[in-house]
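Just so we're aligned, residue 140 is where the sequence shown starts under my numbering, counting upward by one.
To start, the structure under review is shown below, and the notes come after it.
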Amino acid sequence: MTIVRGDDGLTIFNSMRLSEEGLKELASLGEVKHVVRIGGFHGRDDGFYRERFGAKVYAIEGQRYVRDMDPSKAGIDPYMEPDEWLSEESPLPLTDAKLKVFSTSNPPEAVCLLERHGGILITGDSLQHSPTPDEFFNWPAKVMMKRFGFFKPYNVGPGWLQFAHPTANDVRSVLDLEFEHVLPGHGAAVIGNAKAKFRPVIGGELKGCHT
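Shown next as structure tokens:
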């Protein structure tokens with residue numbers, strides 16, 4: 140989860156429900172005003188922050204809030220709707236932020252660029268940085284996720300590529316953005332020279348992409 144302080148309060152990306160202790164720490168940072176969903180497979184805790192803090196929820200056009208591993212599956216009614224739908228042209232609650240939407244991803248996926256400190260890219264499932272499992276992974280999860288290529292530094296999310304099938308050109312278009320840092324939805328922050336660190340894998344073979 141990434142928290143950004145804006146002019147009118149806090150904006151949350153990649154929301155996760157915190158413990159009561161964690162929620163107290165969150166409240167100490169400021170008032171939670173906005174929740175922005177960028178990950179097509181994320182968003183299950185967005186509604187909690189709307190109910191708890193009265194936060195406004197934003198989602199990318201085409202994303203759905205469903206209780207299923209495949210949000211794009213037909214015939215499943217959404218359990219909630221966002222307060223506002225977003226496109227690349229939509230204004231965001233942070234004045235120095237803009238979206239880049241991977242339009243060929245199904246479900247839609249986006250990244251958010253904060254135009255400060257050389258460019259800070261907030262990602263969902265697209266760009267990840269998990270060189271090794273942390274203490275929260277149990278043994279079966281470590282084995283399975285290593286097998287599927289999740290534990291790599293400066294990675295393009297293998298699950299996203301395999302299940303959302305963006306085109307390679309769409310994925311590589313993220314390199315058109317100017318950024319020095321990446322705050323991923325999965326893994327550790329990459330501080331400094333992030334674009335150069337991710338460039339080799341983005342420019343390499345992207346298994347699961349459509350041509």
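Even glycine gets a Cβ: it sits at the ideal position worked out from N, Cα and C.
A quick note: this is a predicted structure, and the numbers were derived from the prediction, not measured.
At the C-beta level, F180 and D309 stay beyond 8 Å of one another. Under DSSP, T262 takes part in a beta bridge, and its partners are V250. Under the DSSP assignment, Y188 falls in the alpha helix (DSSP H) whose first and last residues are 185 to 192. For R176, the secondary structure class from DSSP, reduced to helix, strand or coil, is strand.
For E160, the enclosing alpha helix (DSSP H) starts and ends at 159 to 168. Between the C-alpha atoms of G182 and S154 there is a straight-line separation of about 7 Å. With respect to the C-alpha of A303, the residue from D315, N294, V340, S244 having the closest C-alpha is S244. Counting along the chain, F152 sits inside the beta strand (DSSP E) bounded by residues 148 to 152. The three-state secondary structure of R144, taken from DSSP, is strand. Between Y204 and Y218, the beta carbon gap of about 6 Å places them in contact (Cβ cut-off 8 Å). Within the same chain, Cβ atoms closer than 6 Å to the Cβ of P221 are found at V196, Y197, A198, the five residues on either side in sequence being excluded. A direct Cα-Cα distance of roughly 23 Å separates L314 from V143. Across the structure, L238 and L266 are spaced so that their CA atoms are roughly 15 Å apart. At least 8 Å separates the beta-carbon of C348 from that of P297.
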